[in-house]
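Chemist: Okay, here's the structure, questions in a sec.
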Amino acid sequence: MGSIHIVWDLPDDLDGNVAHIEEHGVTSDEVEDILHDPASQTTTSRTSGQRITFGYTSEGRYLAVVWEHVDDEPLTAYPITAYEAPEPRRQRRR
């Protein structure tokens, strides 16, 4: 996605996004890997209607990051949750 500002709650806020994401075995650094990588793919979540970005962490994990769009200038995101996702199937060439 490139240049994006990410809003994090305090790590000790038990109701915050850092704590929620960590409950899924994902770190805030991994979320930042996904949201800062221009190769990551963003679409709309079918279940929540929020934006969801799929991509690889620097360690090679394929994750989904659900986030709320906060502002355009600069692009600002509030991560809601993140989790491991099945890797996309490769398209066969005919």
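Counting from 1, position 65 in the sequence shown corresponds to residue 65 in the numbering used here; the numbering is continuous, with no gaps.
Don't be surprised by glycine CBs; every beta carbon is placed ideally from N, CA and C.
Because the structure is a prediction, the values reported are computed rather than measured.
Pull up the distance between the alpha-carbon of arginine 51 and that of proline 11, whole angstroms please.
Modeler: Here the question's residue 51 lines up with position 51 in the sequence shown. Here the question's residue 11 lines up with position 11 in the sequence shown. Rounded to the nearest angstrom, the two C-alpha atoms are 23 Å apart.
Chemist: Counting beta carbon pairs with one atom in the region 7–22 and one in the region 73–84, are three or more of them shorter than 8 Å?
Modeler: They touch, by the three-pair rule.
Chemist: I'd like the ranges of any alpha helix (DSSP H) spanning at least 4 consecutive residues and lying wholly in the region 27–76.
Modeler: Qualifying alpha helix (DSSP H) stretches, in chain order: 28–36.
Chemist: Need the endpoints of the alpha helix (DSSP H) that alanine 19 sits in, please.
Modeler: Within the sequence shown, the letter at position 19 stands for residue 19. First-last of the alpha helix (DSSP H) with alanine 19: 17–23.
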